[in-house]
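Taking it in order: structure first as structure tokens, then the write-up.
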Amino acid sequence: MPAGAASCSLVPERSAGRAFPRSLPFKTLASPAVNELAILDAIQLIHTPWLDALVAAYTSTSDVGQIWILLGIVLAIIPKTRKLGAAVLVAVLIGAIVTSGILKPLIMRPRPCDVNPLVPMIVDRPHGSSFPSGHATAAFAAFGALLFSKGPKPLVIVVGIGAVLMALTRLYCYVHYPTDVLAGTVVGLLAGFAAAKIVEAASRKLQERRSQSHT
Numbered sequence: 013m014p015a016g017a018a019s020c021s022l023v024p025e026r027s028a029g030r031a032f033p034r035s036l037p038f039k040t041l042a043s044p045a046v047n048e049l050a051i052l053d054a055i056q057l058i059h060t061p062w063l064d065a066l067v068a069a070y071t072s073t074s075d076v077g078q079i080w081i082l083l084g085i086v087l088a089i090i091p092k093t094r095k096l097g098a099a100v101l102v103a104v105l106i107g108a109i110v111t112s113g114i115l116k117p118l119i120m121r122p123r124p125c126d127v128n129p130l131v132p133m134i135v136d137r138p139h140g141s142s143f144p145s146g147h148a149t150a151a152f153a154a155f156g157a158l159l160f161s162k163g164p165k166p167l168v169i170v171v172g173i174g175a176v177l178m179a180l181t182r183l184y185c186y187v188h189y190p191t192d193v194l195a196g197t198v199v200g201l202l203a204g205f206a207a208a209k210i211v212e213a214a215s216r217k218l219q220e221r222r223s224q225s226h227t
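Residue numbers for the sequence shown, in the numbering used here: 13 to 227.
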């Protein structure tokens with residue numbers, strides 16, 4: 013761990029002015045299994061200064077989904093991949109609404125670093141609760157959008173690898189449980205599937221209108 017790294021604790025101003033309630037809805041989801049914390053503790057054994065710096069830098073590129081939003085914008089600018097870019101942007105938006113707008117406030121699972129605040133942190137404690145992982149959701153939303161839109165295979169593979177690595181950084185950083193990441197993966201893939209269908213339907217309708225206007 014880097015010298016002077018801060019430990020994570022549930023500070024009121026970092027949790028929208030409130031601590032996590034003891035009596036929570038969806039108690040099963042709000043209380044992760046003990047062995048999940050053991051997995052995260054085991055991961056702490058592989059920390060090295062260079063890996064800490066690399067992981068912290070990469071995970072920060074998706075603090076607000078910016079790396080995937082940028083990918084969508086770049087693809088949308090290129091005429092041949094415009095539909096792919098639109099699908100990625102729609103997928104990331106859907107994933108954010110479901111994850112941050114619905115599931116996180118509903119389930120309010122404390123983060124691992126809230127439960128075990130003595131673990132030194134390589135990143136600041138993220139805002140909000142733990143379940144599901146917003147980083148994993150955004151990453152797999154982008155991947156799912158490309159996959160279900162039948163994007164170029166090399167691009168799909170690269171983004172898929174990037175999504176897996178992004179999900180793993182959240183475990184390494186001690187800010188998410190494995191089930192947070194797994195749930196984010198599922199939500200992201202579903203968002204990607206929905207976005208691919210939405211963009212395809214919108215594109216088809218637009219083409220029909222254009223063909224009708226020329227007749």
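Cβ coordinates follow ideal geometry from the N, Cα and C atoms, glycine included. Here the structure is a predicted model, which is why all the values come from computation and not from measurement.
| Does the separation of the CB atoms of residue 208 and residue 99 fall below 7 Å? | Indexing the sequence shown from 1 puts residue 208 at position 196. Indexing the sequence shown from 1 puts residue 99 at position 87. Result yes, Cβ atoms of residue 208 and residue 99 sit closer than 7 Å.
Looking at the ligand MG, does it come within less than 6 Å of residue 181, judged from the CB to the closest heavy atom? For the structure depicted, the ligand MG is absent and the ligand set is empty, with no information on it obtainable.
| said: Distance check for residue 169 and residue 137, CA to CA, integer angstroms please. | reply: For the purposes of this step, residue 137 is taken as residue 125 along the sequence shown, with counting starting at 1. For the purposes of this step, residue 169 is taken as residue 157 along the sequence shown, with counting starting at 1. Cα to Cα, the separation comes out at about 30 Å.
I want to know whether the stretch 112-131 touches the stretch 166-182 - three or more CB-CB distances under 8 Å. no
>> Less than 7 Å between the beta carbons of residue 124 and residue 184, yes or no?
In response: Sequence index remark: in the sequence shown, residue 124 carries index 112 (1-based). Sequence index remark: in the sequence shown, residue 184 carries index 172 (1-based). Result no, Cβ atoms of residue 124 and residue 184 do not sit closer than 7 Å.
| request: Tell me, please, whether the stretch 149-168 touches the stretch 129-136 by the rule of three or more beta-carbon pairs shorter than 8 Å. | output: no
Starting from residue 224 and walking both ways along the alpha helix (DSSP H), at which residues does that stretch end? Taking the first residue of the sequence shown as 1, we reach residue 224 at position 212. It spans 190-225 - the alpha helix (DSSP H) in which residue 224 sits, taken as one unbroken run.
Uninterrupted alpha helix (DSSP H) stretches inside the stretch 62-121 (no shorter than 4 residues)
78-89, 94-108 and 116-119
query = Which residue from 95, 173 and 151 puts its Cα closest to that of residue 111?
reply = Here residue 111 corresponds to residue number 99 of the sequence shown, with the count starting at 1. It is 151.
Roughly how many angstroms separate the alpha carbons of residue 63 and residue 186, rounded to a whole number? Here residue 63 is taken as the residue at index 51 of the sequence shown, counted from 1. Here residue 186 is taken as the residue at index 174 of the sequence shown, counted from 1. The straight-line gap from Cα to Cα measures roughly 14 Å.
- Message: With distance defined between alpha-carbon atoms, name the residue in 222, 218 and 158 nearest to residue 102.
- Response: In the sequence shown, residue 102 corresponds to position 90, counting from 1. Of the candidates 222, 218 and 158, the one whose C-alpha sits nearest the C-alpha of residue 102 is 158.
Beta-carbon proximity of residue 193 to residue 145, cut-off 7 Å: Walking along the sequence shown from the start, residue 193 turns up at place 181. Walking along the sequence shown from the start, residue 145 turns up at place 133. Yes, these two residues count as a Cβ contact at 7 Å.
**Report entry** Cβ shell of residue 172 (< 7 Å), same chain only, five flanking positions each side left out
**Finding:** Locating residue 172 in the sequence shown gives position 160, counting from the first residue. So the list reads 155, once near-sequence residues are dropped.
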